[in-house]
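Input: a single structure, listed below in structure tokens.
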Amino acid sequence: MSDSEDKKFFTKETVRYSQLFFSDELPILIVNIPGLPLPTPALVDSGATMSMLHIGIAKTLNLKVDYTNKRTGTGAGGGFDYAPCEPIEIGILGQKYVVSFNVVLDPDFPWGCILGNSSIFKFAKIVFRTYKKEFDIFLRKDIN
Amino acid sequence: MIPSKNKKMASKTKKLFTNLVNKYAGKWVSVTEDYSNVIAHSNDLDSLISKLKKEETKKGLIIKVPTQEYSAYVG
Chain A
1 MSDSEDKKFF
11 TKETVRYSQL
21 FFSDELPILI
31 VNIPGLPLPT
41 PALVDSGATM
51 SMLHIGIAKT
61 LNLKVDYTNK
71 RTGTGAGGGF
81 DYAPCEPIEI
91 GILGQKYVVS
101 FNVVLDPDFP
111 WGCILGNSSI
121 FKFAKIVFRT
131 YKKEFDIFLR
141 KDIN
Chain B
1 MIPSKNKKMA
11 SKTKKLFTNL
21 VNKYAGKWVS
31 VTEDYSNVIA
41 HSNDLDSLIS
51 KLKKEETKKG
61 LIIKVPTQEY
71 SAYVG
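Structure, rendered in structure tokens:
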């Protein structure tokens with residue numbers, strides 16, 4: 001990477017994988033969502049094209065969800081219905097970024113938040129080192 | 001969050017989550033960052049937030065406890 005490219009990023013942060021409700025340790029970031037008094041864990045999912053938010057959070061924050069635009073998505077875990085919602089600003093490692101989430105309409109969805117290619121991978125460079133159970137994250141300075 | 005550095009620790013951590021699922025399945029819960037203590041819990045997020053505001057809780061995490069225990073996650 002060129003020096004000029006490097007200047008677009010904040011200093012590297014290394015985050016250890018952590019366990020949540022699954023046996024495996026996973027790349028998880030703690031994110032601040034305005035309106036929630038405490039932060040919540042978010043999965044960093046390089047295999048997810050979209051970024052997902054739990055419907056309970058969307059309802060509590062009174063986010064505008066376009067239910068007329070309901071769609072069905074799929075993953076190895078099965079199909080799920082979702083709808084787009086208005087962009088919100090979230091806090092990650094002390095920086096703020098605007099994310100356009102899709103809201104998963106199943107209240108039993110096991111994640112509060114999933115950061116996929118539509119969000120974290122647009123505003124950060126991430127190097128996964130699963131063999132060491134950690135990842136490096138370089139957040140961009142020029143996007144927020 | 002709990003970065004488990006070895007299998008023994010990972011197993012201990014897994015037990016914490018098993019206990020959470022057993023006691024709080026399907027609920028919104030605020031927990032300490034090591035998941036060892038539940039600060040407050042509720043069936044819905046609005047009520048949980050009200051409790052946290054009333055108790056002026058400043059530390060911890062908000063999580064949704066799954067309705068069942070999962071062995072693995074495949075996105």
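Taken in order, these protein sequences are the chains called A and B.
Okay, so the first sequence: first residue is 1 according to the numbering used here, each after it adds one.
Okay, so the second sequence: first residue is 1 according to the numbering used here, each after it adds one.
The beta-carbon is built from N, C-alpha and C at its ideal position, and this holds for glycine as well.
- Going along the chain, which residues of the segment 27 to 39 of chain B sit with their C-beta nearer than 7 angstroms to a C-beta in chain A? 28, 30
- Message: Using a 10 Å radius around the Cβ and a threshold of 16 neighbouring Cβ atoms, would you call residue 34 (chain A) buried or exposed?
- Response: exposed
- Got a sec? Which residues, its chain only, sit under 6 angstroms from residue 86 (chain A) by beta carbon, not counting five neighbours each side? 63, 64
- Message: Less than 8 angstroms between CB atoms is the rule here; does residue 19 (chain A) satisfy it with respect to chain E?
- Response: Of the protein chains in the structure, A and B, none is chain E.
- Item | Nearest-angstrom Cα separation, counted from residue 140 (chain A) out to residue 79 (chain A) | 33 angstroms
- Query: Using 8 angstroms as the Cβ pair cut-off and three pairs as the minimum, do the segment 125 to 138 of chain A and the segment 96 to 111 of chain A touch?
  - Reply: no
- Query: How should residue 42 (chain A) be labelled, buried or exposed, when 16 other C-beta atoms within 10 angstroms of its C-beta is the threshold for buried?
  - Reply: buried
- Message: Just to confirm, is the Cβ distance from residue 18 (chain B) to residue 69 (chain B) under 8 angstroms?
- Response: yes
- Message: For residue 71 (chain B), count the other beta carbons within 10 Å of its own beta carbon; 16 or more makes it buried, fewer makes it exposed. Which is it?
- Response: exposed
- Task: Determine the contact status of residue 14 (chain A) and residue 136 (chain A), defining contact as a CB-CB distance below 8 angstroms.
- Result: yes
- Task: Measure the alpha-carbon distance for residue 121 (chain A) versus residue 52 (chain A) and round it to whole angstroms.
- Result: 14 angstroms
- Task: Name the one or two DSSP bridge partners that residue 50 (chain A) has.
- Result: Answer is none; residue 50 (chain A) lacks a bridge partner.
- Message: Closer than 8 angstroms is the cut-off here; do at least three beta carbon pairs connect the segment 42 to 54 of chain B with the segment 20 to 29 of chain A?
- Response: no
- Task: Determine, using beta carbons only, whether residue 120 (chain A) comes closer than 8 angstroms to chain B.
- Result: no
- Taking C-beta pairs closer than 8 angstroms, name the residues in chain A that residue 71 (chain B) reaches, listed in chain order. 22, 23
- Name the chain A residues that come within less than 7 angstroms of residue 53 (chain B), Cβ to Cβ? 37
- Query: Considering only residues of the same chain and omitting the five flanking positions on each side of residue 89 (chain A), which have a CB-CB separation below 6 angstroms?
  - Reply: 96, 98
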